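Before any comments, here is the structure.
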Amino acid sequence: MKKIGLILSCLLLGMTMLFANGTAEKTSTATKTNEPIKITFWHTFGDAKRQGWIHSVVEAFNASQSDYMVKEESKGSYRDCIQGAILAAKQGESPSLVHVAEAGSQLAYDTGIFLPVGEIGSFDTSDYIQPVLNYYTIGGKVNSIPFNSSSPVLYINTDMLVAAGYPADYVPDTFSDIINCCLKARAKGVANANIAISLNGWFFEQWLSEQNACMFNNDNGRTARATATLLDSPEAIKIAQFYADMQKNNLYSYTGKFEDWDGSDAIFTEGKAMFHITSTADIVNITNAVGSKFKLNVGMLPIPDGSTRNGTVIGGGSLWVTKNDDPKELKGARDFALYLTNTDNMVAWHKLTGYYPVRKSSIDTLKSQGWFDTNAKQLVAFNQLLQTKVNFASAGGLSGTVYDNRTIVEQAIQKVLNGTAPEVAMKEAKKLSDAKLAEYNANIQ
Amino acid sequence: MQANSHAVFKKSWAAWLYLLPTIIILITFIFYPALKSVILAFYRSNFFLGTRKFIGFGNFRNLFKGPLAPGFIQCFFQTILFSLCVLGIGISFSLFLAIQANKRIRGARIYRLLLIWPFALSPAVAGTIFTFLFNSEIGIINEVLEKLFNLKPMWLSNPNLAFCVTVTAAVWKNLGYNIVFYLAALQNLSSEPLEAADIDGASGWRKFWNIMFPLLSPTTFFLIFTNLTYSFFDSFGIIDVLTKGAPMGNVPFDNAGITTTLMYKVFIDGFGGSSNMGFAAAEGTILMILVAGFSYLHFEVFGKKVNYDV
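Chains G and D supply the protein sequences, listed in that same order.
Remember, the numbering used here sits 1 above the position in the first sequence when you count from 1.
Remember, the numbering used here sits 409 above the position in the second sequence when you count from 1.
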């Protein structure tokens, strides 16, 4: 008897385990004409300040109309966000609007789960700054709405600069200017006269753009799909040479880890470097971290010697609309994206974070408010963006392997720092990156 | 199964029934995914695009021939070196510490506690502790070294030092685990053989090597195996937080990050960049074969040397 009881309970346990997965009953989606359509927005800002702001914009949008009800969710990193969106789309429950990093644009386009935003009715894009919109234009169509945009700028420890004998508003213009400045400072006995840049392929892309050079063939992947990298071009080697020159003079300072934004910020804000290159999006954070330790100045990105300033590639992210059978949901997602990036919201976003407001009208509003009189540092980045020439180089590289390429470039630069000749390192990098790109493109018939 | 009068279950089907839940879980979560991943290695698959195309041994060919091969081969040998270091240093150091902790001195309990608690940390926390300790600018180790000897080693950007720091972090994290087992084994040792050795006038080293160590061999055998799997798989957390696989080694080890083990390479290739899943699955299959090979060798070579006499 006891044995039968045991066997029965065993079977019961087995059965419950087999059928233990159940999905909660779904409440039927609103089909009544008066119910607002649900729009889900996935983004990557999890910190209280930025997510709080996004939440307030969502609430304002929901209160201003009754056709749509937007819900926002932070999904962690850019990678988690897009991978989550793909998985959700595979299960038929994709979010309406997704925040994708700029480098993932070709990847997002190739997944086939997004609809180019330019295909959802017609709307005015003339107010967006042209080079920025260019990045997100694929095959002549605007694919996504730029949301958070940034560029690299040069942060300067003015106290060290003055101690080295330079005027307080001096901004080195070229690679050799910045190296000579540090060497002079060292000769004058200024301690920690170093250059802190996090080891990131993003800066490499920026410096290629400044030299009007492309990262990928087929006009940076813009006139046709990219099939090879141009990492062994003379412009690319010039950039690698800069790292070699800095290392030769023992001027380059970083934490040893790739893409360690915070680590390199800390080196600068702790006063262990004279120059620092990072995104404008960190102006507010760096200014706060520096506090009253030393005087801070901001200048344009120094460029390779002998090149005319062509401009920088926009960094950051944009908003992509997922494919949907319901045209109303598509329109709702697009309308919210346009609302989130309207003139006033972009002004507020910029003041809160340091990201650009990529609308000309927002810049005019800020000027009329006298924002740049008290925040001259921000103006530097603006001018750098507004002066960017519109061409394929500044449109940025479009390819499925931008992230792989960045890692390979970072590894090549580390080899250069360890003593490998720049041409050798970049030729190796080209071979590796081309192999990765060929593997990726082989997926696409 | 032969009927055995001492067996608990008289009929084999009853035994299978009780094993069924565990077997179902093992198949669902371990064997089936492993099989699928070996199958995936023969396809070209991209996570973002959702594509999947059969290419036979194409991925394996790319692993051993072609531009991506040197990086993989370097990771392969690095993994073996890393595991041998973690194994060798980890086990010998833990044994030494366990013997010290086993002595009857004041505060022995506290010492044992201090030696064991690092095991309870999550790998991410352990990695973070080491990141701050060994930060070349603001870490406390460099502060002390600079004051005393005016040295400022670049712990995490110099490849050789970074490898040593990673091995140290991995060994430190697992010390607690090893010490617990050794302590238990030591406390179960009968004192007769050691007393007999004392009477015969054996030196401390002799007592250890000829009596204690053979008597501890079952525990050593077990710990070598668990440390092997630890160094291959569980060191992922520490590597991800501490170095993220970087920095690149000096020539000729400059094809991949010096702390990139096979497990970490699978992660980078499969989930980073453009997510070449098939390629990562092929690397994972090679890793599986490597671990299986090591385990087999381990059981064959050391299994025979284990001394089970009490």
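Every residue, glycine too, gets a C-beta built ideally from N, C-alpha and C.
Keep in mind it's a predicted model, so treat the numbers as computed, not measured.
Taking 8 Å as the threshold (beta carbon to beta carbon), is residue i in contact with chain G?
i, result
"E546 of chain D", "yes"
"N569 of chain D", "no"
"V553 of chain D", "no"
"L429 of chain D", "yes"
"M563 of chain D", "yes"
"S566 of chain D", "yes"
"S683 of chain D", "yes"
"L542 of chain D", "no"
"L426 of chain D", "yes"
Which same chain residues end up closer than 7 Å to residue i when comparing Cβ atoms and leaving out the 5 residues on each side of it in sequence?
i, result
"F558 of chain D", "none"
"N213 of chain G", "N311, N392, A394"
"V417 of chain G", "A241, Y244, A245, P423, A426"
"A90 of chain G", "I114, T323"
If you drop the 5 nearest sequence neighbours on each side, which residues of the same chain put their C-beta closer than 8 Å to that of residue i?
i, result
"M70 of chain G", "P37, I38, K39, I40, N63"
"E74 of chain G", "T41, F42, W43, H44, P96"
"L380 of chain G", "F373"
"E211 of chain G", "L302, I304, P305, S308, R310, N311, G312, T313"
Beta-carbon within less than 6 Å of residue i's beta-carbon, same chain only, minus the 5 sequence neighbours each way: which residues are those?
i, result
"A443 of chain D", "none"
"R187 of chain G", "A194"
"L428 of chain D", "none"
"Y1 of chain G", "The structure shown does not extend to residue 1 of chain G, since chain G is modelled only from 2 through 446, so no value can be given for it."
"V574 of chain D", "F543, W564"
For residue i, does the count of other Cβ atoms within 10 angstroms reach 16, so buried, or fall short, so exposed?
i, result
"H351 of chain G", "buried"
"S612 of chain D", "exposed"
"Y441 of chain D", "exposed"
"H100 of chain G", "buried"
"P430 of chain D", "exposed"
"L375 of chain G", "Going by the sequence as given, residue 375 of chain G is Thr instead of Leu. That one is exposed."
"S501 of chain D", "exposed"
"P168 of chain G", "exposed"
"L98 of chain G", "buried"
By how many angstroms is the C-alpha of residue j removed from the C-alpha of residue i?
i, j, result
"V495 of chain D", "S640 of chain D", "7 Å"
"A436 of chain G", "L477 of chain D", "7 Å"
"F617 of chain D", "F703 of chain D", "27 Å"
"V314 of chain G", "L116 of chain G", "24 Å"
"F622 of chain D", "L12 of chain G", "47 Å"
"A227 of chain G", "K431 of chain G", "13 Å"
"N583 of chain D", "P532 of chain D", "10 Å"
"L19 of chain G", "S10 of chain G", "14 Å"
"S319 of chain G", "I83 of chain G", "12 Å"
"L372 of chain D", "I550 of chain D", "The displayed coordinates of chain D run from 410 to 719. Any statement about residue 372 of chain D would go beyond what the structure contains."
"E26 of chain G", "L88 of chain G", "Below a pLDDT of 50, predicted positions are generally treated as unreliable, and E26 of chain G, at 48, falls in that range; no measurement from the model is reported."
"L426 of chain D", "N587 of chain D", "36 Å"
"P173 of chain G", "T309 of chain G", "15 Å"
"I647 of chain D", "L706 of chain D", "27 Å"
Can you tell which of the options has the C-alpha that lies nearest to the C-alpha of residue i?
i, options, result
"P153 of chain G", "G:T281, G:K72, G:I55", "G:T281"
"M697 of chain D", "D:L671, D:S492, D:G548", "D:L671"
"D663 of chain D", "G:L438, G:W54, G:A49, G:A422", "G:A422"
"P568 of chain D", "D:F543, D:C484, D:M657", "D:M657"
"G420 of chain G", "G:Y244, G:L155, G:L116", "G:Y244"
"A476 of chain G", "D:S683, D:Y441, D:A605", "Outside the displayed span of chain G (2 to 446) sits residue 476 of chain G, for which this structure offers no information."
"A689 of chain D", "D:L598, D:P562, D:A424, D:V675", "D:V675"
"A86 of chain G", "G:Q107, G:T112, G:F176", "G:T112"
"S177 of chain G", "G:S293, G:T402, G:K428, G:N250", "G:N250"
"E397 of chain G", "G:A49, G:K50, G:G105", "Inspection of the sequence shows that residue 397 of chain G is occupied by Gly rather than by Glu. Looking at the Cα atoms, G:G105 is the closest of the given residues."
"G355 of chain G", "G:I83, G:K3, G:P173, G:A377", "G:A377"
"S655 of chain D", "G:G257, G:Y253, G:T309", "The question names Ser, but residue 655 of chain D is Ala in the sequence shown. Closest by alpha carbon: G:G257."
"I146 of chain G", "G:N135, G:Y156, G:G140", "G:N135"
"G712 of chain D", "D:S566, D:A578, D:P627, D:F485", "D:P627"
"Y591 of chain D", "D:L458, D:N551, D:F451, D:A507", "D:A507"
"T344 of chain G", "G:G371, G:F148, G:L297, G:A290", "G:F148"
"T366 of chain G", "G:V348, G:V359, G:L353", "G:V348"
"A164 of chain G", "G:G140, G:L184, G:T175, G:R335", "G:L184"
"S293 of chain G", "G:T138, G:N406, G:E260, G:N158", "G:N158"
Quick check on residue i - is its C-beta less than 8 Å from some C-beta in chain D?
i, result
"F259 of chain G", "yes"
"Q412 of chain G", "yes"
"K378 of chain G", "no"
"Q415 of chain G", "yes"
"K437 of chain G", "yes"
"D233 of chain G", "no"
"K33 of chain G", "Low confidence applies to K33 of chain G: its pLDDT is 49, below 50, so where it sits in the model is not reliable, and the reading given next is rough at best. No, K33 of chain G does not count as interfacial toward chain D."
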